[in-house]
Amino acid sequence: MLQAFQQRRWSLVLLWVLIVAAIIAAPAVLPVFRLNLLGRFLSLAIVALGIDLIWGFTGLLSLGQGIFFALGGYAMAMYLQLNSSADLPNGIPEFFSLYGVNRLPGFWEPFHSPVFTLVAIWLIPAVLAAVLGNLVFRNRIKGVYFSILTQAALLVFFNFFNGQQKLINGTNGLKTDVTQLFGQMVGSPEMQRGFFWLTAVVVILAWLFLRWVVRGRFGDVLIAIRDDEPRLRFAGYNPTLFKTIVFAVAGGLAGVGGALYTVQSGIVSPQFMTVPFSIEMVIWVAVGGRGTLVGAILGAVVINYAKSLVSEAMPQSWLFIQGGLFILVVTALPEGVIGWFRGDGPRNWMNRLGIARRSPTYPRLEREGQQEVQP
Amino acid sequence: MTQPLLELRQITVSFDGFLALRDLNLSLQPGELRAVIGPNGAGKTTFLDVITGKTAPTEGAVVFKGRSLIGTLEHRIARLGIGRKFQSPRVFEKLSVQENLALAVSQPKQPWSLLLGGLNGQQRDRVQQLMSIVNLQNRADWVAGALSHGQKQWLEIAMLVGQDPDLLLVDEPVAGLTDEETDLTADLLKSLAGDHTVLVIEHDMEFIRRLDSPVTVLHQGHVLCEGKMDQVQADPRVIEVYLGTTEEDNG
Ligand SMILES: Nc1ncnc2c1ncn2[C@@H]1O[C@H](COP(=O)(O)OP(=O)(O)OP(=O)(O)O)[C@@H](O)[C@H]1O
Ligand SMILES: [Mg+2]
Chain A
1 MLQAFQQRRW SLVLLWVLIV AAIIAAPAVL PVFRLNLLGR FLSLAIVALG IDLIWGFTGL
61 LSLGQGIFFA LGGYAMAMYL QLNSSADLPN GIPEFFSLYG VNRLPGFWEP FHSPVFTLVA
121 IWLIPAVLAA VLGNLVFRNR IKGVYFSILT QAALLVFFNF FNGQQKLING TNGLKTDVTQ
181 LFGQMVGSPE MQRGFFWLTA VVVILAWLFL RWVVRGRFGD VLIAIRDDEP RLRFAGYNPT
241 LFKTIVFAVA GGLAGVGGAL YTVQSGIVSP QFMTVPFSIE MVIWVAVGGR GTLVGAILGA
301 VVINYAKSLV SEAMPQSWLF IQGGLFILVV TALPEGVIGW FRGDGPRNWM NRLGIARRSP
361 TYPRLEREGQ QEVQP
Chain B
1 MTQPLLELRQ ITVSFDGFLA LRDLNLSLQP GELRAVIGPN GAGKTTFLDV ITGKTAPTEG
61 AVVFKGRSLI GTLEHRIARL GIGRKFQSPR VFEKLSVQEN LALAVSQPKQ PWSLLLGGLN
121 GQQRDRVQQL MSIVNLQNRA DWVAGALSHG QKQWLEIAML VGQDPDLLLV DEPVAGLTDE
181 ETDLTADLLK SLAGDHTVLV IEHDMEFIRR LDSPVTVLHQ GHVLCEGKMD QVQADPRVIE
241 VYLGTTEEDN G
């Protein structure tokens, strides 16, 4: 049993080596178009990591992460547009003239500052998540009611952003690919390569950070909230506080992911806040494996890569494949691919194929027995 | 007598008109060990719910260390020094025995203190000590969900003790335990009394007898009588409600 456990540990280390090697090799191997796609999917992996924290560990199924994702994207795009509009009429982004606006709306002003923008990308979504989350958690709204509320909030934000032409160009969104950063065009291959590296580093940092968060007693409290929140209260813990914190962290991560996604896709628009997209985010985590972190990364990257490959070949079929994948996971692999792998999945399969070693009935006795044999 | 540690005054709990507790009065002295018995549905669990803030009483006052608990949130009541073991064992099934106990002994229970450090040496020793008290030291790394019913009972008792409350509320601690385990549990609770105040709910009369403590009999949400086990068992009203010969209201 201990051996099996160690084998599994090693397999996971191997998995990580492979992931890091793939990321390092990607810029050399992939054409810019594919590299750019991979960079976008890694940005989505950052969102997925946040979802794993709140859903996989804490049991909060949010169907509204698109809100925070989009806010990060808008913050980034507003800065880039301002940074590139000095020579334009009125010195404000071009789209304003379409609606006869010739003065910059006040809330755009702070986005002249790169420092403010870098903070706003994660802080605005995090604070919004904390405020919304606290309101919901304090009133002890849980489970499916929480999910419905997050989806309702998503719809509110989607409709609001869609309708605000004069403030943020409404449905059309804000383009970033032709904007300037460090005197270069954001959409240029060199910049895109840079964004790929940046995203890869942020994914790893986010993963390390969350691993630290979930490792110790804090993570144990999250799991306790997921499994029996009322019981935890009687042990003297305040679940509302913990839930608010992790929801804010997930919101912040979604914002960072949204900003990185925006610069690599060249645009942010209310499409980031559609209902299906936020549901897809949850599916990546479910397929990869809830409560595994690495599963969230793999789920986001692999599913989206598959999606782009399938959509190129057979444009209509992806939705069916995605739906099928979700049903398969829910029915056959409820812990997701990584969860299955970490659990008894491989052994059960080997058992079925008749190649597994007998698993001990009293593992501890056998282990101690082995120790006694040792000199 | 000193000021009681806990006092319930004229507590009434109504669930849509059904009175689970009716005008219930009870007080516990510091260090006291008290047993509470009563037929199924007498309101025993409900009365723990009222003390621990799970259920708000329709009427009445709960006073702990001279402070009213009405309207106080559950986790705050717990931090004031009231711990509770549930009727059917409730442990965190996905966490290991050790992790369950670590959460119980952690102090303070704030997010940042949990994030920024592990248990201190004293707390780690305490976890080890608790595991050996309830005989789970060689199950330390097992997930609690894999334990037997009796082991879960004991783990939850150990968690309760680890929380180090002034008042321990113990709901049916020996259901599903062997006779030997039952005796050990009784001895453990007796040894805690004195330093702690302990209130035990049980149906197991042998166990209650072994506790050798004053007994409160609850019936239809009301205190029927209080006294030594022998007195209580000889009381005709108690015999009546337990044997259920008449449906007469004793209120
Ligand atoms: N939330 C609730 N809503 C409605 N009725 C309730 C609720 N909780 C308890 N009751 C009722 O209140 C009465 C007392 O229940 P309680 O659980 O306190 O009994 P008990 O003395 O603990 O019984 P047991 O020995 O079976 O555990 C029962 O009739 C029960 O059905
Ligand atoms: Mg009960």
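Line by line, the protein sequences are chains A and B.
Heads up: the first sequence begins at 1 in my numbering, then just goes up one per residue.
Heads up: the second sequence begins at 1 in my numbering, then just goes up one per residue.
Even for Gly, the Cβ is constructed at its ideal location relative to N, Cα and C.
As the structure is a computational prediction, the values presented were derived from the model and not from experiment.
Specify, as a first and last residue, the run of the beta strand (DSSP E) that residue i falls within.
{"i": "residue 35 of chain B", "result": "33–37"}
{"i": "residue 23 of chain B", "result": "18–28"}
{"i": "residue 216 of chain B", "result": "215–219"}
Can residue i be considered in contact with ligand 1, in the sense that its beta carbon sits closer than 8 Å to one or more heavy atoms?
{"i": "residue 222 of chain B", "result": "no"}
{"i": "residue 60 of chain B", "result": "no"}
{"i": "residue 255 of chain B", "result": "The first residue shown for chain B is 1 and the last is 251, placing residue 255 of chain B beyond what the model contains."}
{"i": "residue 230 of chain A", "result": "no"}
{"i": "residue 52 of chain B", "result": "no"}
{"i": "residue 35 of chain B", "result": "no"}
{"i": "residue 56 of chain B", "result": "no"}
{"i": "residue 49 of chain B", "result": "yes"}
{"i": "residue 26 of chain B", "result": "no"}
{"i": "residue 218 of chain B", "result": "yes"}
{"i": "residue 20 of chain B", "result": "yes"}
Under the criterion of a Cβ to heavy atom distance below 8 Å, does residue i qualify as lining ligand 2?
{"i": "residue 87 of chain B", "result": "yes"}
{"i": "residue 44 of chain B", "result": "yes"}
{"i": "residue 201 of chain B", "result": "yes"}
{"i": "residue 172 of chain B", "result": "yes"}
At the level of alpha carbons, what is the spacing between residue i and residue j?
{"i": "residue 368 of chain A", "j": "residue 101 of chain B", "result": "With a pLDDT of 47 at residue 368 of chain A, under the threshold of 50, the modelled position of that residue is not reliable, and no figure is offered here."}
{"i": "residue 336 of chain A", "j": "residue 25 of chain B", "result": "53 Å"}
{"i": "residue 210 of chain B", "j": "residue 181 of chain B", "result": "13 Å"}
{"i": "residue 67 of chain A", "j": "residue 173 of chain B", "result": "48 Å"}
{"i": "residue 366 of chain A", "j": "residue 126 of chain B", "result": "Bear in mind that the predicted position of residue 366 of chain A carries a pLDDT of just 47, short of 50, making it unreliable; the figure below should be weighed with that in mind. Cα-Cα distance, rounded: 28 Å."}
{"i": "residue 381 of chain A", "j": "residue 32 of chain B", "result": "Since the first residue shown for chain A is 1 and the last is 375, residue 381 of chain A is missing from the structure and cannot be characterised."}
{"i": "residue 238 of chain B", "j": "residue 287 of chain A", "result": "59 Å"}
{"i": "residue 249 of chain B", "j": "residue 164 of chain B", "result": "With a pLDDT of 45 at residue 249 of chain B, under the threshold of 50, the modelled position of this residue cannot be trusted; read the value that follows with caution. Going from the Cα of residue 249 of chain B to the Cα of residue 164 of chain B covers about 40 Å."}
{"i": "residue 374 of chain A", "j": "residue 149 of chain B", "result": "Only weak support exists for where residue 374 of chain A lies, its pLDDT of 38 falling under 50; the coordinates are left without a value."}
{"i": "residue 372 of chain A", "j": "residue 207 of chain A", "result": "Any reading at residue 372 of chain A must be qualified, since the residue scores a pLDDT of 39, below 50, and its modelled position is unreliable; the value itself is stated next. Distance between the alpha carbons of residue 372 of chain A and residue 207 of chain A: 40 Å."}
{"i": "residue 138 of chain B", "j": "residue 120 of chain A", "result": "50 Å"}
{"i": "residue 115 of chain B", "j": "residue 50 of chain A", "result": "17 Å"}
{"i": "residue 197 of chain A", "j": "residue 36 of chain A", "result": "10 Å"}
{"i": "residue 43 of chain A", "j": "residue 246 of chain A", "result": "19 Å"}
{"i": "residue 154 of chain B", "j": "residue 141 of chain A", "result": "32 Å"}
{"i": "residue 304 of chain A", "j": "residue 264 of chain A", "result": "15 Å"}
{"i": "residue 158 of chain B", "j": "residue 198 of chain B", "result": "14 Å"}
{"i": "residue 128 of chain A", "j": "residue 46 of chain A", "result": "18 Å"}
{"i": "residue 9 of chain A", "j": "residue 296 of chain A", "result": "18 Å"}
{"i": "residue 406 of chain A", "j": "residue 341 of chain A", "result": "Residue coverage of chain A in this structure runs from 1 to 375, which leaves residue 406 of chain A outside it and unanswerable."}
{"i": "residue 251 of chain B", "j": "residue 80 of chain B", "result": "The predicted position of residue 251 of chain B is uncertain, since its pLDDT is 38 and thus under 50; no value can be drawn from it."}
{"i": "residue 20 of chain B", "j": "residue 60 of chain B", "result": "14 Å"}
{"i": "residue 207 of chain B", "j": "residue 37 of chain B", "result": "11 Å"}
{"i": "residue 194 of chain B", "j": "residue 30 of chain B", "result": "8 Å"}
{"i": "residue 77 of chain A", "j": "residue 84 of chain A", "result": "11 Å"}
Along the chain, where does the alpha helix (DSSP H) containing residue i start, and where does it finish?
{"i": "residue 222 of chain B", "result": "Per DSSP, residue 222 of chain B belongs to no alpha helix (DSSP H); it is in the beta strand (DSSP E), 222–227."}
{"i": "residue 152 of chain B", "result": "149–162"}
{"i": "residue 134 of chain A", "result": "114–138"}
{"i": "residue 260 of chain A", "result": "239–265"}
{"i": "residue 288 of chain A", "result": "275–288"}
{"i": "residue 45 of chain A", "result": "32–51"}
{"i": "residue 336 of chain A", "result": "336–342"}
{"i": "residue 163 of chain A", "result": "143–163"}
{"i": "residue 128 of chain B", "result": "121–133"}
{"i": "residue 112 of chain B", "result": "111–115"}
Quick one: what's residue i bridged to in DSSP?
{"i": "residue 59 of chain B", "result": "B:12"}
{"i": "residue 169 of chain B", "result": "B:84 and B:199"}
{"i": "residue 317 of chain A", "result": "BP columns for residue 317 of chain A are empty, so no partner."}
{"i": "residue 68 of chain B", "result": "B:63"}
{"i": "residue 175 of chain A", "result": "A:267"}
{"i": "residue 193 of chain B", "result": "B:196"}
{"i": "residue 185 of chain A", "result": "A:180"}
{"i": "residue 6 of chain B", "result": "B:28 and B:64"}
{"i": "residue 143 of chain B", "result": "B:96"}
Return the Cβ separation of residue i and residue j in integer angstroms, given the expectation that the two are a contact with Cβ distance under 8 Å.
{"i": "residue 92 of chain B", "j": "residue 52 of chain A", "result": "Not quite, the Cβ-Cβ distance comes to about 19 Å (not below 8 Å), so this is no contact."}
{"i": "residue 173 of chain A", "j": "residue 268 of chain A", "result": "5 Å"}
{"i": "residue 133 of chain A", "j": "residue 224 of chain A", "result": "Wrong, their Cβ atoms sit about 18 Å apart, outside the cutoff."}
{"i": "residue 34 of chain B", "j": "residue 28 of chain B", "result": "6 Å"}
Relative to ligand 3, is the shortest distance from any of its heavy atoms to the C-beta of residue i smaller than 8 Å?
{"i": "residue 39 of chain B", "result": "Ligand 3 is absent from the structure shown, which contains only ligand 1 and ligand 2."}
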